[in-house]
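Here the protein sequences come in this chain order: A and B. Note that the numbering used here has the first sequence beginning at 481, numbered continuously upward. Note that the numbering used here has the second sequence beginning at 481, numbered continuously upward. A virtual CB, placed ideally from N, CA and C, is assigned to each residue, including glycine. The structure displayed is predicted, hence computed values, not measured ones. Here's the structure, in structure tokens; my notes come after.
2 protein chains.
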Amino acid sequence: MIFSTTTEYAIRGISELEIKSNQQPILLDDLIKGTDLPREFMAKVMQKLSKAGLLQSAKGRGGGFKLARPAYEIRLIDVVIAIEGEGRMGGCVLGMSRCNDAMPCAQHDLYKPIRQRLVDYMQTTTVADLAASLRQKRVRG
Amino acid sequence: MIFSTTTEYAIRGISELEIKSNQQPILLDDLIKGTDLPREFMAKVMQKLSKAGLLQSAKGRGGGFKLARPAYEIRLIDVVIAIEGEGRMGGCVLGMSRCNDAMPCAQHDLYKPIRQRLVDYMQTTTVADLAASLRQKRVRG
DNA sequence: TTGTCAAAAGATCAAAAGGTCTTGAAATAG
DNA sequence: CTATTTCAAGACCTTTTGATCTTTTGACAA
């Protein structure tokens, strides 16, 4: 509803990583085990998160992915920006590139509170929160 | 940021219509006059709004588009649903089709308040509000 | 050093979204 | 009835997004 599917994958992936990891690197194959995540595409997504500095990756034996810092220090907004770039959050709330000062979109002001609320949420929610929520969901069904 | 560009066009289009109309049908050419909206694509969007019952359309001389009911009786959510369908609002908040009870997405519960806020906004904001906002923006610059 | 493992990177492919163009059909004026 | 106006509808094109496949690179173990 709000994010692209690629971003959803990233959120899901980093949450799964936090759940399955015990400070040790997790293999892509293990990460997607038990999920319906598409392996090859997921590889790209994880690469992006690595390049953005949210994950550390290692090749070869004992390799895999792990969080670059504690889960509670990675905010949802960091994940979103890693995938979609800064642009989407700034500028026009409706994302209209055609929208500018000379020809503003109808929503410019109206939307501010809504958007701010979303941004707040993304800034205060961490990967630790997401993982906890996902774990709980699995237990309770 | 939140809606697809097609939906943005719909919001913009119906707002322009309300601004330019004096109870009389407006031609597509007049609707887009002074805007950067793509005419042909806009025709499709307006057609969708007509089929959804938000607009009335008439062919031939004296034809064009007009609101099917007063602007204050057309909610933003009606416009969004007309373009994107019901599905997007219901179901998973993140829009994941892969998300279900057996394999819920990480956000299912976390997002509820945010989503509810958005839905509230879309239910209480009408085309009259949007048009007023747009008009004001034009005057004040 | 050699072999194997696993991520990185790039090519490629498919589907969806966004946008254009052409033809058809309805309404009205003359 | 015919010509013109204007929306409707469908074919078609382009770009972006989502997804896969293959090759390369780096790390470790023996």
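Residue i, enclosing beta strand (DSSP E) - first and last residue
{"i": "Lys546(B)", "result": "544-547"}
{"i": "Leu534(B)", "result": "First-last for Leu534(B): undefined, no H or E at that position."}
Bridge-paired residues (DSSP) for residue i
{"i": "Arg555(B)", "result": "Thr606(B)"}
{"i": "Leu506(A)", "result": "In the sequence as presented, Leu is not what sits at residue 506(A); that position holds Ile. Bridge partners of Ile506(A): Phe545(A)."}
DSSP-derived helix/strand/coil call for residue i
{"i": "Val573(B)", "result": "Per-residue confidence for Val573(B) stands at a pLDDT of 42, beneath the threshold of 50, marking its modelled position as unreliable; no derived number is given."}
{"i": "Ile561(A)", "result": "helix"}
{"i": "Ala611(B)", "result": "helix"}
{"i": "Lys528(A)", "result": "helix"}
{"i": "Asp516(A)", "result": "coil"}
Contact set for residue i: own chain, Cβ-Cβ below 8 Å, skip 5 residues either direction
{"i": "Thr515(A)", "result": "Arg492, Glu496"}
{"i": "Leu535(A)", "result": "Ile494, Leu497, Met526, Leu529, Phe545, Lys546, Leu547, Ala548"}
{"i": "Thr606(B)", "result": "Ala551, Tyr552, Glu553, Ile554, Arg555, Leu556"}
{"i": "Leu610(B)", "result": "Ile491, Ile494, Ser495, Glu498, Leu556"}
{"i": "Glu488(A)", "result": "none"}
{"i": "Arg519(B)", "result": "Leu508, Asp509, Ile512"}
{"i": "Asn502(B)", "result": "none"}
{"i": "Val619(B)", "result": "none"}
Supposed close pair residue i, residue j - CB separation, criterion 8 Å
{"i": "Ile506(A)", "j": "Lys500(A)", "result": "5 Å"}
{"i": "Ala490(B)", "j": "Leu508(B)", "result": "The pair is not a contact, with the Cβ atoms about 14 Å apart (cut-off 8 Å)."}
{"i": "Phe483(A)", "j": "Val560(A)", "result": "7 Å"}
{"i": "Arg597(B)", "j": "Arg597(A)", "result": "6 Å"}
Range covered by the alpha helix (DSSP H) that runs through residue i
{"i": "Ile499(B)", "result": "485-500"}
Residue i beta carbon near the ligand GTP (any heavy atom closer than 8 Å)
{"i": "Leu598(A)", "result": "For the ligand GTP, the structure offers nothing, since it holds no ligand at all."}
Cutoff 6 Å; reference residue i; Cβ partners in own chain excluding five residues on either side
{"i": "Arg615(B)", "result": "Ile499"}
{"i": "Ala608(B)", "result": "Ala551, Tyr552"}
{"i": "Tyr601(B)", "result": "none"}
{"i": "Phe521(B)", "result": "none"}
Close beta carbons around residue i, own chain, < 7 Å, minus the five adjacent residues each side
{"i": "Thr486(B)", "result": "Val525, Ile563"}
{"i": "Ala538(B)", "result": "Pro505, Gly544"}
{"i": "Gln603(B)", "result": "Arg555, Ile557"}
{"i": "Ser613(B)", "result": "none"}
{"i": "Gly533(B)", "result": "Ala548"}
{"i": "Ser577(A)", "result": "Here the model assigns Ser577(A) a pLDDT of 45, short of 50, so the residue's position is not dependable, and the following value carries that caveat. Correct list: empty, nothing qualifies."}
{"i": "Lys531(A)", "result": "none"}
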